[in-house]
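Visitor: In my numbering, the protein residues as written are 98 to 239.
This is the structure we're talking about:
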């Protein structure tokens, strides 16, 4: 499968995807089981509260998985993703809506690769939080 997005169809500054996901306890549990990360911060409300959180938090890599899945769905072929770099900046709680976004930051005519600025956002207490920001991916387009 090749990238479904054409290099000539995107321009610097284009916001190319936005994908929402509600963080559900069952999904976080499934991620914990698949990854082997059984930290009680992700499994036990009482434990999370004992260390200062209002409840369980999602894994940082759970958030990153949502972001890279959205990127892969946009490009059409996960193999077209050459690299991803992220900064984890805020926790994610159960039942919050996590929104993954991407914008074209630069294009390289010689390689037909684009750098995509990536971030995730959610609204908490009337303010936008960024669980992931200052992130980029290099993607090879058709």
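Where is the CB? At the ideal position from N, CA and C, for every residue including glycine.
1. My guess is that residue 179 and residue 210 are in contact by the Cβ rule of under 8 Å, so how many angstroms apart are they, rounded?
2. Kindly indicate which three-state DSSP category residue 205 falls into: helix, strand or coil?
3. Less than 8 Å between the CB atoms is what I'm expecting for residue 100 and residue 172, so what's the real figure, rounded?
4. Closer than 7 Å by C-beta to residue 187: which residues in its own chain qualify, once you throw out the five before and the five after it? Chain order, please.
5. Whether or not the stretch 230-238 and the stretch 141-156 are in contact is what I'm after, with contact meaning three or more pairs of Cβ atoms, one per stretch, closer than 8 Å; do they touch?
6. On the DSSP bridge list, what partners appear for residue 236?
7. Nearest to residue 213 by alpha carbon, out of 199, 224, 219, 156?
8. Please state if the CB of residue 119 and the CB of residue 194 are separated by a distance shorter than 8 Å.
9. Please name the residue, chosen from 208, 221, 169, 205, that lies closest to residue 191 on a Cα-to-Cα basis.
10. Using a Cβ-Cβ cutoff of less than 8 Å, which residues in the same chain neighbour residue 113 once the five nearest sequence positions on both sides are dropped?
11. Exposed or buried, residue 217, counting other C-beta atoms within 10 Å across all chains shown (16 or more means buried)?
12. Considering only their Cβ atoms, is the gap separating residue 196 from residue 215 smaller than 8 Å?
Guide: Walking through what the data contain:
1. Along the chain shown, one-based indexing puts residue 179 at 82. Along the chain shown, one-based indexing puts residue 210 at 113. Cβ-Cβ separation between residue 179 and residue 210: approximately 7 Å, consistent with a contact (criterion under 8 Å).
2. Working through the chain shown from its first residue, we reach residue 205 at position 108. In the structure shown, residue 205 sits in a strand (DSSP, three-state: E or B).
3. Along the chain shown, one-based indexing puts residue 100 at 3. Along the chain shown, one-based indexing puts residue 172 at 75. By a beta-carbon distance limit of 8 Å, residue 100 contacts residue 172. Their separation comes to about 5 Å.
4. Counting from one through the chain shown, the residue named residue 187 turns up at place 90. 226, 227, 228, listed in sequence order.
5. With a cut-off of 8 Å, the stretch 230-238 and the stretch 141-156 do not count as touching, because too few Cβ pairs lie within range.
6. What you label residue 236 is simply residue 139 of the chain shown in a count that begins at 1. Secondary-structure assignment with DSSP links residue 236 through a beta bridge to 178, 211.
7. Numbered from its first residue, the chain shown carries residue 213 at position 116. Measuring from the Cα of residue 213, the nearest candidate turns out to be 199.
8. Counting from one through the chain shown, the residue named residue 194 turns up at place 97. Counting from one through the chain shown, the residue named residue 119 turns up at place 22. It is a contact, given that the beta carbons lie within the stated cut-off.
9. Working through the chain shown from its first residue, we reach residue 191 at position 94. When each option's Cα is compared against that of residue 191, the closest is 221.
10. As a working mapping, residue 113 is identified with position 16 in the chain shown. For residue 113, where only same-chain residues beyond five positions count, the Cβ hits under 8 Å are 102, 107, 171, 199, 200, 201, 213.
11. The residue labelled residue 217 in the question sits at position 120 within the chain shown. Answer is buried; the Cβ neighbour count reaches 16.
12. In the chain shown, counting from the first residue as 1, residue 215 sits at position 118. In the chain shown, counting from the first residue as 1, residue 196 sits at position 99. Cβ distance not < 8 Å, so residue 215 and residue 196 don't count as in contact.
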